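Asker:
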Amino acid sequence: MTSIDTHQEPFRLGMLLNDTRYRSLTIQVFALAAFILATAWLVSNTVQNLSALGKDFSFTFLGSRAGYDISQTLVPYTNNSTHGRAALVGILNTILIAILGCALATVLGVLIGVLRLSGNWIVARIAAVYVEGFRNVPVLLWIIAIMAIITESAPAPSAFRGEEASASMLFGAFAVTNRGLYMPWPVLGPGWQLVVLTFLASLAAIVFLRRQARRRQEETGEILPIFWLGTGLFFVPVLLVDALLGGPITLDYPVLERFNFAGGGFVDKALLALWLALSLYTGSYIAEIVRAGILAVPRGQTEAASALGLRPRRVMSLVILPQALRVIVPPLISQYLNLTKNSSLAIAVGYMDVRATLGGITMNQTGRELECMLLLMGFYLLVSLGISSVMNWYNASVALKER
């Protein structure tokens, strides 16, 4: 009987390159060491050059007085606030435009993408004109053009004054002017926390209900009519709690005073122009992604679903879109990232995002170019990684799973 030699060859230094068991690890260690050395040299060289110019590397400037105003803010801010506070306002403004833009662009993209496949020739051609028109013109031009349209075509606040006013408020609550949009704004009173908690609980109940309905549909094929039940869960508990507490959340309506509207909420025209431009521009790309995703689904799927008696709306929501999402979601992530980064063009219309505050006025006032640019790059990196992580999680959750 032949014995098996279990003796292992002793380790030698040359095996780090010659042995395939160690070669890949050796290359990775050398690459990491080279990267660390290059980064250390770059940092050291930068510090020496700054010292030669009489500068140091410090972020203490964030605690000094900013001294400039910001028209659109989500948190309290005055020109006596610090540069750090101004940077925070810019960050929140950037996140706001990114969320609003991605939401509206997605709705427009899905709608136009479906309309481009419409059997109605006129509808399909109008959708094609929208896509080609917005995709082939730089987004900066659209931002400036929409800003000009709002400024020149919208009425001034004085047009709303008098019995024979040339302009009137929409639904008696919204006023679109050449300065921006004036609208009702919630005012929080005692007990508003309970109303908000009820609202969150209603949302959680709706999510749970939808998951149970989807699970039952997957197991039995039965579609539960949860639309009206979900609507009731959304409104009834919140309105009931609000009424029992005596209305802790009320609306403050804008009122025209001597020179301008007072009260309510205000959306600056720069935010409106930027939001519409980014949404319309990105929506044209999303429309093509949606169209491509739908066309990627074999036509036999549609024919089979129609043969089973499903209505066109059910065919699209239950058969076509779930399969098309595999093609739609990955490039959709890139469009969300592009919209977020394109928001840095806000300075063209005077919207104070993080590029205009931290990377603009703050950098010019303090002379801290390197520090401001590093903070800007870090912010956009974190936001991009966050969007990618959320969308990748969603992509994994909607992936088709074999039974």
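In this text, residue positions in the sequence shown follow this note's numbering: the first is 1373, and each later residue adds one. Idealized CB from N, CA, C, for every residue including glycine. Note that the coordinates shown come from a computational prediction; the quantities given were computed from them, not determined experimentally.
Please list, in chain order, all residues of the same chain as Ala1728 whose beta carbon is under 6 Å from its beta carbon, the five residues on each side excluded.
Answerer: Taking the sequence shown and counting its residues from 1, one reaches residue 1728 at position 356. Counting only Cβ-Cβ distances below 6 Å, and skipping sequence neighbours, we find Ile1719.
Asker: Can you find a heavy atom of the ligand GTP that lies under 7 Å from the Cβ of Pro1609?
Answerer: Ligands displayed in this structure: none; no statement on the ligand GTP is therefore possible.
Asker: For Val1690, report the span of its alpha helix (DSSP H) as first-last.
Answerer: For this step, residue 1690 is matched to residue 318 along the sequence shown. Reading off the sequence, residue 1690 comes out as Leu, not Val. Leu1690 -> no alpha helix (DSSP H), and no H or E assigned at all.
Asker: Secondary structure at Thr1734, three-state DSSP: helix, strand or coil?
Answerer: For the purposes of this step, residue 1734 is taken as the residue at position 362 of the sequence shown. Helix, per DSSP.
Asker: Can you tell me which residues form a DSSP beta bridge with Pro1703?
Answerer: Here residue 1703 corresponds to residue number 331 of the sequence shown, with the count starting at 1. Partner(s): none; Pro1703 has no beta bridge.
Asker: Within 10 angstroms of the Cβ of Val1501, are there 16 or more other Cβ atoms? Answer buried if so, exposed if not.
Answerer: Here residue 1501 is taken as the residue at index 129 of the sequence shown, counted from 1. It counts as exposed.
Asker: Give me, in chain order, the residues of the same chain whose beta-carbon lies closer than 7 Å to that of Ala1645; leave out the 5 immediate sequence neighbours on both sides.
Answerer: On the sequence shown, position 273 is the one that residue 1645 refers to. Contacts found: Ile1515, Ile1518, Met1519, Ile1522, Val1721.
Asker: Quick one: what does DSSP say Arg1627 is sitting in, helix, strand or coil?
Answerer: The residue labelled residue 1627 in the question sits at position 255 within the sequence shown. The question names Arg, but residue 1627 in the sequence shown is Val. If DSSP states are grouped into helix, strand and coil, Val1627 belongs with the strands.
Asker: For the pair the region 1562–1576 and the region 1600–1620, tell me if three or more CB-CB distances fall below 8 Å.
Answerer: Cβ pair count under 8 Å is three or more, so yes.
Asker: Using the beta-carbon count (16 or more within 10 Å), is Tyr1554 buried or exposed?
Answerer: In the sequence shown, the residue the question calls residue 1554 occupies position 182. So Tyr1554 ends up on the buried side.
Asker: Keeping to the same chain, check which residues put their C-beta closer than 8 Å to that of Met1373; ignore five residues upstream and five downstream.
Answerer: Taking the first residue of the sequence shown as 1, we reach residue 1373 at position 1. Since pLDDT at Met1373 reaches only 48, below the 50 mark, its modelled position is unreliable, and the value read off the structure follows with that caveat. Answer for Met1373: no residue qualifies.
Asker: For the alpha helix (DSSP H) containing Val1755, name the first residue and the last one.
Answerer: Against the sequence shown, residue 1755 aligns to sequence position 383. Per DSSP, Val1755 belongs to the alpha helix (DSSP H) from 1741–1770.
Asker: Quick one: residues in its chain with C-beta nearer than 6 Å to the C-beta of Asp1640, no 5 flanking neighbours on either side, listed in chain order?
Answerer: Position 268 of the sequence shown, counting from 1, holds the residue named residue 1640. Within the same chain, Asp1640 has close Cβ partners Ser1443, Gln1444, Gly1552.
Asker: Looking at the structure shown, is Met1724 part of a helix, part of a strand, or coil, going by DSSP?
Answerer: Numbered from its first residue, the sequence shown carries residue 1724 at position 352. Coil.
Asker: Express the C-alpha separation of Thr1418 and Ala1424 in angstroms, rounding to a whole number.
Answerer: Along the sequence shown, one-based indexing puts residue 1424 at 52. Along the sequence shown, one-based indexing puts residue 1418 at 46. Spanning the two alpha carbons is a distance of roughly 10 Å.
Asker: I'd like the ranges of any beta strand (DSSP E) spanning at least 3 consecutive residues and lying wholly in the region 1542–1621.
Answerer: 1547–1549, 1552–1555, 1557–1560, all fully within the region 1542–1621.
Asker: With a threshold of 6 Å on Cβ separation, who are the neighbours of Trp1765 within its own chain once the five nearest residues in sequence on each side are excluded?
Answerer: Taking the sequence shown and counting its residues from 1, the one referred to as residue 1765 is at position 393. Closer than 6 Å at Cβ, skipping near neighbours: no residue.
Asker: Helix, strand or coil for Thr1712 per DSSP?
Answerer: Working through the sequence shown from its first residue, we reach residue 1712 at position 340. In the structure shown, Thr1712 sits in a helix (DSSP, three-state: H, G or I).
Asker: Count the other CB atoms within 10 Å of the CB of Gly1750; is the residue buried (16 or more) or exposed (fewer)?
Answerer: Within the sequence shown, residue 1750 is the residue found at index 378, counting from 1. So Gly1750 ends up on the exposed side.
Asker: Applying the 10 Å Cβ sphere with the 16-neighbour rule, what's the burial state of Gln1707?
Answerer: In the sequence shown, residue 1707 corresponds to position 335, counting from 1. Buried.
Asker: On the CB-based measure, 16 or more other CB atoms within 10 Å of its CB, does Glu1743 come out buried or exposed?
Answerer: Counting from 1 along the sequence shown, the entry for residue 1743 is found at position 371. Looking at its Cβ environment, which holds 16 or more other Cβ atoms inside 10 Å, Glu1743 is buried.
Asker: Out of Gln1737, Leu1748, Ile1759, Met1745, which one is the CA nearest neighbour of Arg1437?
Answerer: Mapped onto the sequence shown, residue 1437 falls at position 65. When each option's Cα is compared against that of Arg1437, the closest is Gln1737.
Asker: Based on the DSSP secondary-structure assignment, which residues constitute the bridge partners of Val1639?
Answerer: Position 267 of the sequence shown, counting from 1, holds the residue named residue 1639. In the DSSP output, where bridge partners are listed per residue, Val1639 has Leu1553.
Asker: Pick helix, strand or coil for Ala1459, following the three-state DSSP scheme.
Answerer: Residue 1459 sits at position 87 when you count from the first residue of the sequence shown. Three-state result, Ala1459: helix.
Asker: Figure out for me which residue from Leu1748, Glu1741, Pro1702, Val1755 has the closest Cα to the Cα of Ser1769.
Answerer: Along the sequence shown, read from residue 1 onward, the residue named residue 1769 stands at position 397. Nearest C-alpha to Ser1769: Pro1702.
Asker: Closest by CA to Ala1526, which one among Ala1576, Glu1535, Arg1533, Ala1539?
Answerer: If you number the sequence shown from 1, residue 1526 lands on position 154. Checking every option, the nearest Cα to that of Ala1526 belongs to Ala1539.
Asker: By DSSP, does Phe1633 sit in helix, in strand, or in coil?
Answerer: By 1-based counting over the sequence shown, the position of residue 1633 is 261. Residue state, collapsed to three classes: strand.
Asker: Pick from Ile1467, Leu1468, Ile1469, Leu1434: whose alpha carbon is nearest that of Asn1452?
Answerer: By one-based count along the sequence shown, residue 1452 stands at place 80. Measuring from the Cα of Asn1452, the nearest candidate turns out to be Leu1434.
Asker: Taking the straight line between their C-alpha atoms, what separation do you get for Arg1583 and Thr1592?
Answerer: Counting from 1 along the sequence shown, the entry for residue 1583 is found at position 211. Counting from 1 along the sequence shown, the entry for residue 1592 is found at position 220. Distance between the alpha carbons of Arg1583 and Thr1592 is about 14 Å.
Asker: Could you check the C-alpha separation between Arg1686 and Leu1446 for me, to the nearest Å?
Answerer: To locate residue 1686, count along the sequence shown from 1; it is residue 314. To locate residue 1446, count along the sequence shown from 1; it is residue 74. The alpha-carbon atoms of Arg1686 and Leu1446 are separated by roughly 41 Å.
Asker: Quick one: Cα of Leu1480 to Cα of Val1608, how far?
Answerer: Position 108 of the sequence shown, counting from 1, holds the residue named residue 1480. Position 236 of the sequence shown, counting from 1, holds the residue named residue 1608. Roughly 30 Å separates the two Cα atoms.
Asker: Beta-carbon within less than 8 Å of Leu1512's beta-carbon, same chain only, minus the 5 sequence neighbours each way: which residues are those?
Answerer: On the sequence shown, position 140 is the one that residue 1512 refers to. Correct list, in chain order: Leu1717, Ala1720.
Asker: For Gln1437, write down the residues that DSSP places opposite it in a beta bridge.
Answerer: Counting from 1 along the sequence shown, the entry for residue 1437 is found at position 65. Note on identity: in this sequence residue 1437 is Arg, with Gln being the wrong assignment. DSSP, once it has assigned bridges, lists Thr1454 as partnering Arg1437.
Asker: Using the C-alpha atoms, what's the distance from Ser1715 back to Glu1590?
Answerer: Position 218 of the sequence shown holds residue 1590. Position 343 of the sequence shown holds residue 1715. Approximately 41 Å between the Cα atoms of the pair.
Asker: What's the call for Ile1494, buried or exposed, on a 16-neighbour Cβ count within 10 Å?
Answerer: In the sequence shown, the residue the question calls residue 1494 occupies position 122. Classification for Ile1494: exposed.
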